[in-house]
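Just so you know, the sequences run in chain order P and Z.
At position 44 of the first sequence the residue is numbered 44 (this note's numbering), and the sequence of numbers has no breaks.
At position 177 of the second sequence the residue is numbered 378 (this note's numbering), and the sequence of numbers has no breaks.
Backbone N, C-alpha and C fix where the C-beta goes; we use that ideal spot for every residue, glycine too.
Protein chains: 2
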Amino acid sequence: MIRVLLADDEHLIRGAIAALLSLEDDMEVVAQAATGAEALSLARALHPDVAVLDLQLPDLDGVTVATTLHAEVPTCRTMIVTSHGLPGHLKRALTGGVRGFLAKTVAAEVLATVVRTVHAGGRYVDPQLAAEAISAGDSPLTAREADVLRLAGDGAPVDEIARRAALSPGTVRNYLSSAVTKTGAANRHEAARIARGRGWI
Amino acid sequence: MIRVLLADDEHLIRGAIAALLSLEDDMEVVAQAATGAEALSLARALHPDVAVLDLQLPDLDGVTVATTLHAEVPTCRTMIVTSHGLPGHLKRALTGGVRGFLAKTVAAEVLATVVRTVHAGGRYVDPQLAAEAISAGDSPLTAREADVLRLAGDGAPVDEIARRAALSPGTVRNYLSSAVTKTGAANRHEAARIARGRGWI
DNA sequence: CCTGCAGTCTGACATTTGTCACGGGCGGGG
DNA sequence: CCCCGCCCGTGACAAATGTCAGACTGCAGG
């Protein structure tokens with residue numbers, strides 16, 4: 001019997017996936033979490049065999065949870081399920097010890113199969129996401145550029161960003177300009193969109 | 202037996218919800234669609250009792266599908282399920298004949314209950330979404346302002362917007378300025394985010 | 001009729017932004 | 001050591017953007 005922990009912030013989805021997995025007779029959902037913190041404490045208490053984590057959770061993101069889990073509860077294999085395929089996260093996930101990574105667009109039957117594969121010590125990465133990750137390549141942004149671009153993401157003016165990053169406005173503009181060039185965008189807002197789409201911020 | 206049509210672009214979620222509903226012994230999922238067009242043609246062919254539609258579909262959005270369905274297949278009750286509660290869509294949905302509207306954050310058990318309620322001719326709107334819709338109020342944007350703001354949404358420069366809306370750049374700036382004031386934003390990008398969040402564009 | 005009002009549109013002006021050139025400090029490899 | 005890349009800053013210029021006053025339309029009410 002494979003003991004599964006499920007983490008997803010959307011209650012309905014979580015319940016639906018639990019129902020789906022419960023149809024398989026070699027696995028049972030032993031815990032459900034709505035947040036990253038909750039997932040961690042449940043995993044510590046119950047030592048499930050496999051943790052199925054949504055990429056976006058209200059507090060920590062799925063990859064962070066997986067990395068922590070990998071260190072603290074090594075018997076628990078982790079896998080990530082996501083709506084939006086973000087190549088950057090895939091890479092982070094794999095280096096963090098995640099063994100399965102798939103998009104929510106895959107057929108329902110695949111999920112149970114992957115849970116079994118992961119439980120048996122195998123790995124599975126959605127081929128399409130893998131292809132995107134490879135073609136997208138690594139982030140060309142430096143740490144600072146990524147920081148500033150992240151802050152620019154919600155449309156804040158330069159002064160605001162400068163204050164929040166504790167930088168001079170001129171420096172902020174330089175970083176943004178550099179980020180815009182590297183992403184091939186026309187302005188910082190588009191650059192932020194592109195970088196987000198690639199998982200660079 | 203309640204015959205249900207399910208539309209959601211994410212295959213895994215669709216399958217999971219189908220599994221969930223199939224656990225109820227008074228309902229069966231007779232069709233699954235990944236796009237709005239597919240949902241429409243399946244509904245025309247099969248005349249399901251209830252259509253459960255995701256708000257965001259690749260082609261048409263869920264509300265549009267529901268409105269069409271309401272006109273063409275009046276025996277089919279419709280309900281919307283959504284990840285992001287957008288007050289504007291709720292209003293559009295209700296005037297379009299949708300009888301159920303709920304967020305994916307609700308508990309799994311609620312879904313089946315609402316399907317039954319809707320099938321019986323009742324209505325159900327997620328209380329939280331309803332509250333948000335009321336507090337958010339109507340869109341203060343004029344038709345033109347909304348158009349322009351929509352075009353500005355993906356970070357296009359003013360000239361681009363002007364060409365696409367067949368307006369002078371000056372006029373575009375004026376509309377944007379007005380929209381920025383009305384949304385209380387600091388610039389058009391933030392205004393676009395706010396308006397999108399409220400379902401105004 | 002004409003007054004007021006809301007929506008649409010435009011051009012002129014001030015501010016913000018993107019871009020470029022430049023300089024100094026810090027740390028890791030060749 | 002010396003070079004290179006990253007970090008942080010300045011100043012100046014050009015382009016994009018935000019803001020304002022105002023003109024024209026159609027429409028509702030006195």
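- Within its own chain, the residues whose Cβ lies closer than 6 angstroms to the Cβ of Ala392 of chain Z, once the five positions on either side in sequence are excluded, are Ala380, Val381, Thr384, Ala386, listed in chain order.
- When secondary structure is reduced to three states using DSSP, Glu145 of chain P falls in the helix class.
- The three-state secondary structure of Ala33 of chain P, taken from DSSP, is strand.
- Listed in chain order, the positions of the stretch 45–60 of chain P with a beta carbon within less than 7 angstroms of a beta carbon of chain Z would be empty, since no residue qualifies.
- In the three-state reduction of the DSSP assignment, Gly301 of chain Z falls in the strand class.
- Spanning the alpha carbons of Asp250 of chain Z and Val125 of chain P requires a straight line of approximately 38 angstroms.
- Contact note: Ser379 of chain Z does not reach chain P at a C-beta cutoff of 7 angstroms; the least C-beta distance is about 17 angstroms.
- Rounded to whole angstroms, the Cβ separation of Leu20 of chain P and Leu149 of chain P is 38 angstroms, and the two are not in contact under 8 angstroms.
- Ile13 of chain P: member of the alpha helix (DSSP H) spanning 11–22, first to last residue.
- With 16 or more other Cβ atoms inside 10 Å of its own Cβ, His11 of chain P counts as buried.
- The beta carbon of His320 of chain Z lies closer than 7 angstroms to those of Ile203, Asp250, Val251, Arg278 in the same chain, with the five residues before and after it left out.
- For the 8 angstroms CB-CB criterion, Val205 of chain Z and Val230 of chain Z form a contact.
- A contact is defined here as three or more CB-CB pairs under 8 angstroms, and the stretch 287–305 of chain Z meets this definition with respect to the stretch 256–276 of chain Z.
- Note that the stretch 136–156 of chain P touches the stretch 169–177 of chain P; at least 3 beta-carbon pairs, one per stretch, sit closer than 8 angstroms.
- Chain Z places a beta carbon closer than 8 angstroms to that of Ile13 of chain P, counting this residue as a contact.
- The Cβ atoms of Leu258 of chain Z and Val282 of chain Z do not sit closer than 8 angstroms to each other.
- Counting along the chain, Leu377 of chain Z sits inside the alpha helix (DSSP H) bounded by residues 370–384.
- Going by beta carbons, Ala7 of chain P and Ala217 of chain Z fall outside the 8 angstroms limit.
- Our two residues, Gly356 of chain Z and Ser369 of chain Z, have alpha carbons roughly 18 angstroms apart in a direct line.
- Val307 of chain Z places its beta carbon 8 angstroms or farther from that of Met280 of chain Z.
- Between His248 of chain Z and Thr276 of chain Z, the C-beta gap is smaller than 8 angstroms, which places the two residues in contact.
- Contact with chain P is absent for Ala363 of chain Z, since none of that chain's Cβ atoms lies less than 8 angstroms from the residue's Cβ.
- At a cut-off of 8 angstroms between C-beta atoms, Leu312 of chain Z counts as an interface residue with respect to chain P.
- A distance of 8 angstroms or more separates the beta carbons of Gly137 of chain P and Ile201 of chain P.
- Secondary structure note for Arg204 of chain Z: it is in no alpha helix (DSSP H), and the uninterrupted beta strand (DSSP E) holding it is 203–208.
- Shown here for Val359 of chain Z: same chain residues with a beta carbon closer than 7 angstroms to its own, the five before and five after excluded, namely Pro370, Val373, Arg374 in chain order.
- For the stretch 79–101 of chain P, the set of positions with a beta-carbon nearer than 9 angstroms to some beta-carbon of chain Z reads Val81, Ser83 in chain order.
- Chain order gives the chain Z residues near Asn187 of chain P as Gly356, Pro358, where near means a beta carbon separation below 8 angstroms.
- Taking C-beta atoms under 8 angstroms as the contact rule, Ala34 of chain P and Asp9 of chain P qualify, at a distance of about 5 angstroms.
- In the DSSP assignment, Glu239 of chain Z is bridged to no other residue.
- Within the DSSP secondary-structure output, Asp255 of chain Z pairs in a beta bridge with Z:Val282.
- Per DSSP, Arg399 of chain Z lies in no alpha helix (DSSP H) segment and is marked neither H nor E.
- Rounded to the nearest whole angstrom, the CA to CA distance from Ile335 of chain Z to Arg399 of chain Z is 11 angstroms.
- Against Thr306 of chain Z, the close residues of chain P are Asp9, Glu10, His11, Leu12, in the order they occur along the chain (beta-carbon pairs closer than 8 angstroms).
- Neighbours of Ile218 of chain Z in chain P, taken as residues whose beta carbon is under 7 angstroms from its own, are Ala16 in chain order.
- Rounded to whole angstroms, the gap between the alpha carbons of His84 of chain P and Met27 of chain P is 27 angstroms.
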